[in-house]
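For the sequence shown, our numbering assigns the number 449 to the initial residue and increments by one for each residue that follows.
In what follows, a structure is listed as C-alpha cells, so that the remarks can point back to it.
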Amino acid sequence: MKGSFPIEKFNTVRTPFYYYDTELLRKTLDTIKAETGKNDNYHVHYAVKANANRKLLRIISAAGFGADCVSGGEIKACLDAGFPAEKIVFAGVGKSDWEINVGLDAGIAYFNVESIPELEVINQLAGEKDKIARVSFRINPDVGAHTHANITTGLAENKFGIAMADMEKVIEIAASLKHVEFVGLHFHIGSQIRQMEVFENFCLKVNTIKQWFADQGIEIQYLNLGGGLGVDYDHPDAEPIPDFASYFDTIHRTLRPDPHQQILFELGRSLVAQCGELITRVLYTKKNALGRDVALVDAGMTDLIRPALYQAHHTIECLTSQGTECSYMIGGPVCESSDIFDQAAMLPQLKRGDLLTIRTAGAYGSAMASRYNLRDLPRSIYSDEL
Ligand code: PLP
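Dropping the structure here:
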C-alpha cells in the first residue's frame, strides 16, 4: 500500500481519473532548466502531443519552455495556455491547409517541413497572406532508436522526413520559392530511448549532415534534435525525474554545432510521464477458465491505450490493501481482448472497491484517450488542488 497519495480525497472522486503531481512536474522542469542553463544555445520545446492538459501546459509555459505542436488544435491550445507564438514550432507529417494558416496567422517560430509538396503549399498559403514562412527541413537520418517498432521514426522505411538523397532538389526548390525562408534542420529518431549510445550515434550522424550543408555554403540557424528521452516505467520511484544530466551531457560531448547555431529539443514523455498516474477501482475479481486470478477495473484502454498499442508495461500498485502478493491479470471493461493493463501484476489479495494506481501514465495517456464504447473521457485532478 502506498503512503504518499491522498487516498481519502481520492475516495471522493469518481474513478477512473488521472492524478497529476504538479510539484514533481515543477521539479522536473527545474532540473531541465538547470541542465540546459549550462549552454545558452539549448532550448527545450515541450512536445505537446505527450499531454495537452491545459493546466500542465500552463505550468510548462510559465516555466519558460517553448512548444512543439503537431496540429492546429495543439497550436491553439498552446497560445491559449500562454506560450508566446515565437516559441511555437509546428511539426507533423501531414499538415492541413487550415492548420498551416493557424500557424501563419499566429506568427509561430517556424514549420518543420517533411516533403516538397508540403513546402510548396506553405509557400502558396504564406504568399496569399503576403508573409514569409520560416521553415526547417525534417531529415530522416536513417538511425535506429532501439525502441518499440511503433515508436521508431528515424529509419529509412518510416513515413517521416525527407531523405538526404533528395536534399539537393529540396534546397533548389526552396531557394526558388518567394514565401519561405530556410532556417534549420529537424530530426526525431523515436521515443522511449534509454540508451545514451543511441543519442551519441544520432549526434554523429547530425554532425555529418550539418557538414554537408556547410559544404554547400548553406547557413543553418537551428538544429532541432527532436525528443525521445525515455523514462523508467518499471521503477518509477527509483527515477521520478529522468536522467537529464546524462542526456544533455551526451549531446554536449558529441554534437558539434557552430557557435551561432541554436539547438532545440522536443522532449515530451520525459517531462510529464512520471507526474501522472491513472487511478482506477477494482470492480470484480474472478478466476478465468485457466484458473488465473483476474481483477476487472473501471479504467480501460480508452483511458490508457499504451499497453494495448505498444505492449507497454506500467507498474500497478494497490493503494487500499496490503499483504502477501499474488499474480493478477488486470483487465478493463472495454469489449476488446487487448484491454489488459498487465497479464501478471503482483498485487495483494484484491477485493471489490480497492483503488489501484497505474504509474507513469502522464505521457501519451490522457492525450490518447478515446470515447470508444461511448465511455466518458477520464477526468484529471491535481495534487495542488486537493
Ligand atoms: N518530436 C517529434 C517530431 C515527435 O514525433 C515526438 C514523439 O513522437 C516527439 C518530439 C516527442 O517525443 P518524446 O515524447 O519521446 O520526447
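Heads up, the beta-carbon is just placed ideally off N, CA and C, and yes, glycines get one too.
Bear in mind that the values here come from a model prediction, so they are computed numbers and not experimental data.
Does the beta-carbon distance from residue i to residue j come in below 8 Å?
i: Ala495; j: Asp516; result: yes
i: Thr463; j: Ile778; result: no
i: Arg729; j: Gly801; result: yes
i: Arg717; j: Gly674; result: no
i: Ala811; j: Asn459; result: no
i: Ala809; j: His761; result: no
i: Ile508; j: Leu527; result: no
i: Phe465; j: Pro781; result: no
i: Asn672; j: Leu731; result: no
i: Ile570; j: Ala581; result: yes
i: Tyr417; j: Ser818; result: With the chain covering 449 to 834 only, the question about residue 417 has no answer from this structure.
i: Ile536; j: Gly514; result: yes
i: Gln669; j: Gln640; result: no
i: Glu765; j: Leu804; result: yes
i: Gly724; j: Gly813; result: yes
i: Leu838; j: Ala525; result: Residue 838 is absent from the model: the chain starts at 449 and stops at 834.
i: Gly676; j: His627; result: no
i: Leu738; j: Pro454; result: no
Is there at least one non-hydrogen atom of the ligand PLP closer than 7 Å to the beta-carbon of residue i?
i: Gln640; result: yes
i: His701; result: Sequence inspection shows Arg at residue 701; the His mentioned does not correspond to that position. No, Cβ of Arg701 sits at least 7 Å from all heavy atoms of the ligand PLP.
i: Ser718; result: yes
i: Glu714; result: yes
i: Asp680; result: no
i: Ala498; result: yes
i: Asp691; result: no
i: Asp590; result: no
i: His683; result: no
i: His491; result: no
i: Gly674; result: yes
i: Ala515; result: no
i: Ala525; result: no
i: His762; result: no
i: Leu677; result: yes
i: Ala495; result: yes
i: His708; result: no
i: His636; result: yes
i: Ala811; result: yes
Would you mind working out which of the options sits nearest residue i, comparing C-alpha positions?
i: Asp714; options: Tyr467, Thr698, Lys497 and Gln572; result: Here the sequence assigns Glu to residue 714, which means Asp is not the residue at that position. Checked all of Tyr467, Thr698, Lys497 and Gln572; the closest Cα to Glu714 is Lys497.
i: Thr470; options: Gln709, Asp706, Ala511 and Lys617; result: Ala511
i: Gln770; options: Asn649, Ile621 and Pro796; result: Pro796
i: Pro690; options: Tyr467, Leu473 and Asn821; result: Leu473
i: Met612; options: Asp706, Ser544 and Asp590; result: Asp590
i: Glu645; options: His683, Ser694, Ala792 and Ile619; result: Ser694
i: Ser544; options: Tyr830, Asp832 and Leu567; result: Leu567
i: Trp546; options: Glu687, Ala557, Gly520 and Gly665; result: Gly520
i: Trp660; options: Pro705, Leu625 and Tyr681; result: Pro705
i: Leu822; options: Leu625, Ser831, Asp832 and Asp751; result: Asp751
i: Glu667; options: Thr698, Asp685, Ala623 and Arg642; result: Ala623
i: Phe692; options: Tyr558, Gln643 and Val745; result: Gln643
i: Ile657; options: Met816, Ala686 and Asp614; result: Asp614
i: Val518; options: His708, Glu456, Thr698 and Val541; result: Val541
Once you ignore the five residues that flank residue i on each side, which residues in its own chain have a CB closer than 7 Å to its CB?
i: Gly609; result: Glu562, Arg586, Ile587 and Asn588
i: Leu552; result: Leu573, Ala574, Lys577, Lys579 and Ala581
i: Ala743; result: Val730, Thr733, Tyr776, Ile778 and Leu798
i: Asn549; result: Leu573
i: Tyr820; result: Thr750 and Val782
Identify, in the order they occur along the chain, each residue of the same chain with its Cβ nearer than 8 Å to the Cβ of residue i, setting aside the five sequence neighbours on each side.
i: Thr702; result: Phe647, Glu648, Cys651, Leu652 and Asn655
i: Phe696; result: Glu483, Thr484, Lys486, Asn487 and Tyr490
i: Lys799; result: Val730, Thr733 and Ser769
i: Ala836; result: Residue 836 lies beyond the range of the chain shown here (449 to 834); nothing can be said about it.
i: Glu522; result: Val496, Lys497, Ala500 and Ala515
i: Gln791; result: Met777
i: Asn736; result: Val742 and Met777
i: Asp832; result: Thr470 and Glu471
i: Ala554; result: Ile523, Leu527, Ala533 and Ile536
i: Pro684; result: Gln722, Thr763, Arg807 and Thr808
i: Arg502; result: Ala525, Asp528 and Ala529
What does a CB cutoff of less than 6 Å around residue i pick up in its chain, not counting 5 residues either side in sequence?
i: His634; result: Asn560, Ser584, Arg586 and Asn672
i: Ala721; result: Val679, Thr808, Gly810 and Ala811
i: Asp746; result: Thr463, Pro464, Thr728, Arg729 and Leu731
i: Ile556; result: Ala533, Ile536 and Phe538
Closer than 7 Å: is that where the CB of residue i sits relative to any heavy atom of the ligand HEM?
i: Ala539; result: This structure does not include the ligand HEM; its bound ligands are the ligand PLP.
(message) Runs of 4 residues minimum, wholly inside the region 628–664: which ones carry the alpha helix (DSSP H) assignment?
(response) As far as the region 628–664 is concerned, its whole alpha helix (DSSP H) runs of at least 4 residues are 644–663.
(request) Would you list, in sequence order, the uninterrupted beta strand (DSSP E) runs of no fewer than 3 residues that lie entirely inside the region 536–562? (result) Restricting attention to beta strand (DSSP E) runs no shorter than 3 residues, the region 536–562 encloses them at 536–538 and 558–561, ordered along the chain.
(request) Only counting runs of 3 or more residues, tell me where the beta strand (DSSP E) segments fall wholly within the region 497–528, in order along the chain. (result) 514–517
(message) Please give me, in chain order, every unbroken run of the beta strand (DSSP E) with length at least 3 that falls completely inside the region 705–744.
(response) 710–713 and 724–735
(request) Kindly provide the ranges of any alpha helix (DSSP H) runs that are 4 or more residues long and lie completely inside the region 466–502, ordered along the chain. (result) 470–484
(request) Could you name each continuous beta strand (DSSP E) segment of 3 residues or more that falls completely within the region 790–821, going from the start of the chain to the end? (result) 803–806
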